[in-house]
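J.: One structure follows; several queries about it will come next.
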């Protein structure tokens, strides 16, 4: 890109020289060497196992298992668990957050107690606890409190591995989501609630139409973070032998001892799903940015297209300086 | 239960209000008659904004009587007992009183038209089309024809305040409260907002305006009230109060602002 020429009154045109960045080239060189070393050890290096010399990272085994049935079924369970637990977390968390901000002190206390308990104990403990619930309550009945029950079921038939993991992860997540949603709600200016109540809107309507949509901008980024975290935390369900992605991999390597390649297989899937979640989060954030800035930021696709046509993004600040120094009024 | 023209729409009798140990209203008496424009002036901390907020129950009064259209604000009298109104009753009362804030308080995630039609559609259950038509008409009335799709942040302060006025008018209120509507505006934008308010006054709307705009108060106001220290110090015809203040505190305040 050539430097723009600036005319100032009668004096000869001046040439603007951009700042040079020599250290950038040093950084490029260092990183290039490190990257070459990484590629070499990942792809080309070998090691001796027993009597054989083998490729160090055994990518062929990874490739063999990446799309195998047990791994894909494990992935499906992981995804299902993530979605169900996040839905529980978001819904229950929102209820807890609204309870926490209620004028009723009993409701506030209940919400506080819930968050205190579920945030104060390890989620792994909670998962195992739910799994062993049948030990405490062999049967579950539905009926009048302290009165007769109408229906009875054995706890073990209801509370399987998947439900135990769901309850452990979901109820724990709700405690964290409650804090995130609460932070979002209190980030919305008090004047918004006042303006809405002055129009005759009532509490629930104000929450739903005015406060929550604005709180979303604060709630979405940490919720995306929580979702990614949840995806990985579901691996804890392997401790109660639920065949999610990690446990599926463990089952295979416990037989064939290809531990590292199978862990890599699982890791690649976790990374793949995380990447998809990144994209999803970006577009959700963009949706809730409505009205928050004068124009929406470009999507990556729009940005690529812009780059492809090699058009300089207009920079109003620089344009203003250049044109005003040329002696013209410009804003 | 509407009273005859000329009768008090808002009546305050010995209204008291404290925030903790700080008594902000120390027995306020005033009447706003139907169709009248009342301007309230006074130094900051004099309680004028608190009084305005009490009228639509954004603040609860501690003692005294405050009525709008003959009905107690926030309470219902049965026999010799006062029963606090429920959420629903307070909301219903507020729906008939428009309020315009110093900092506009438009909903930033909704367009100008979205802001205006929100309450008619959700509270009054008006049809979307009807509310949209009415909203466009109101936007034109405040001089913002064709800006219905603009978000508040894309509008200047003066334009935002005019949308806020249109939003309040969309509920067809019997009373409009203005809380220093031009104080947060750049000087060159004040005129447009005052023009809209002047037009509204001409149309016969009952208005309660807390303001620092002496020109507006003198020209448009039917009554001017000077508040200081939580009480009404002086009131009367705006021209009289401004040009010939009786009370020493009024004189010293006016000498500073004029």
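Residue numbers (the working numbering), protein chains in the order written: chain A, 30 to 360; chain B, 36 to 293.
Backbone N, C-alpha and C fix where the C-beta goes; we use that ideal spot for every residue, glycine too.
1) Among the candidates B/260, B/102, B/90, B/110, whose CA atom is the shortest distance from the CA of residue 281 of chain B?
2) If the cut is a Cβ gap below 7 Å, which residues of chain A does residue 127 of chain B touch?
3) Does DSSP classify residue 281 of chain A as helix, strand or coil?
4) Using a Cβ-Cβ cut-off of 7 Å (strictly less than) and excluding sequence neighbours within five positions of residue 293 of chain A, which residues of its own chain qualify?
5) Below 8 Å on the Cβ atoms is my guess for residue 151 of chain B versus residue 202 of chain B; work out the distance and round it to an integer in Å.
6) Comparing C-alpha positions only, which one of B/198, B/76, B/146 sits nearest to residue 184 of chain B?
7) Just to confirm my understanding: we take residue 125 of chain A, look at its own chain, exclude 5 residues before and 5 after, and list those with CB closer than 7 Å. What are they?
8) Based on the DSSP secondary-structure assignment, which residues constitute the bridge partners of residue 50 of chain B?
9) Is DSSP giving residue 207 of chain A helix, strand or coil here?
10) Under the three-state reduction of DSSP, which class applies to residue 225 of chain A: helix, strand or coil?
11) Quick check on the DSSP output: the alpha helix (DSSP H) that includes residue 168 of chain A runs from which residue to which?
12) CA-CA distance, residue 130 of chain A and residue 74 of chain A?
13) Does residue 276 of chain B come out as helix, strand or coil in the three-state DSSP assignment?
14) Just mark residue 290 of chain B as buried or exposed, buried being the case when its beta carbon has 16 or more other beta carbons within 10 Å.
15) Note down the Cα distance separating residue 230 of chain A from residue 157 of chain B, rounded to an integer number of angstroms.
16) Does the beta carbon of residue 312 of chain A come closer than 9 Å to any beta carbon on chain B?
17) So, at 6 Å on beta carbons, what are the nonlocal neighbours of residue 133 of chain A in its own chain, with the 5 sequence-adjacent residues on each side left out?
18) If you follow the alpha helix (DSSP H) that residue 164 of chain A is in, where does it begin and where does it stop?
19) Please classify residue 277 of chain A as buried or exposed, where buried requires at least 16 other C-beta atoms within 10 Å of its C-beta.
20) Are any of the Cβ atoms in chain D nearer than 9 Å to that of residue 234 of chain A?
21) Any idea if residue 298 of chain A is buried or exposed, counting beta-carbon neighbours within 10 angstroms, 16 or more meaning buried?
22) Under a CB-based cut-off of 9 Å, is residue 220 of chain A close to chain B?
23) Give the DSSP bridge partners of residue 180 of chain A, in chain order.
24) Which residues of the segment 239–256 of chain A have a Cβ closer than 8 Å to any Cβ of chain B? Give them in chain order.
25) Pull up the distance between the alpha-carbon of residue 247 of chain B and that of residue 112 of chain A, whole angstroms please.
26) Give the DSSP bridge partners of residue 57 of chain B, in chain order.
27) For residue 257 of chain B and residue 211 of chain B, what's the separation of their Cα atoms in angstroms?
28) How is the beta strand (DSSP E) around residue 97 of chain B delimited, first residue to last?
29) Looking at the C-beta of residue 203 of chain B, does it have a partner C-beta in chain A at a distance below 9 Å?
T.: Working from what's here:
1) B/260
2) 229
3) DSSP, read as helix, strand or coil, puts residue 281 of chain A in helix.
4) The answer, listed in chain order, is 91.
5) 5 Å
6) B/146
7) 140, 143, 144, 203, 207
8) In DSSP, residue 50 of chain B forms a bridge with B/63.
9) helix
10) Correct three-state label for residue 225 of chain A: helix.
11) Per DSSP, residue 168 of chain A belongs to no alpha helix (DSSP H); it is in the beta strand (DSSP E), 168–172.
12) 59 Å
13) helix
14) exposed
15) 8 Å
16) no
17) Closer than 6 Å at Cβ, skipping near neighbours: no residue.
18) 162–165
19) buried
20) Structure shown: chain D not included; protein chains present are A and B.
21) Under a 10 Å Cβ-count criterion, residue 298 of chain A is classified as buried, with 16 or more other Cβ atoms of the shown protein chains found around its own Cβ.
22) Interface with chain B (9 Å Cβ-Cβ cutoff): residue 220 of chain A is included.
23) Partner(s): A/171.
24) 239, 242, 243
25) 56 Å
26) Under DSSP, residue 57 of chain B forms a beta bridge with B/54.
27) Straight-line measurement puts the Cα of residue 211 of chain B at about 15 Å from the Cα of residue 257 of chain B.
28) It is not in any beta strand (DSSP E) - residue 97 of chain B carries neither H nor E in the DSSP assignment.
29) yes
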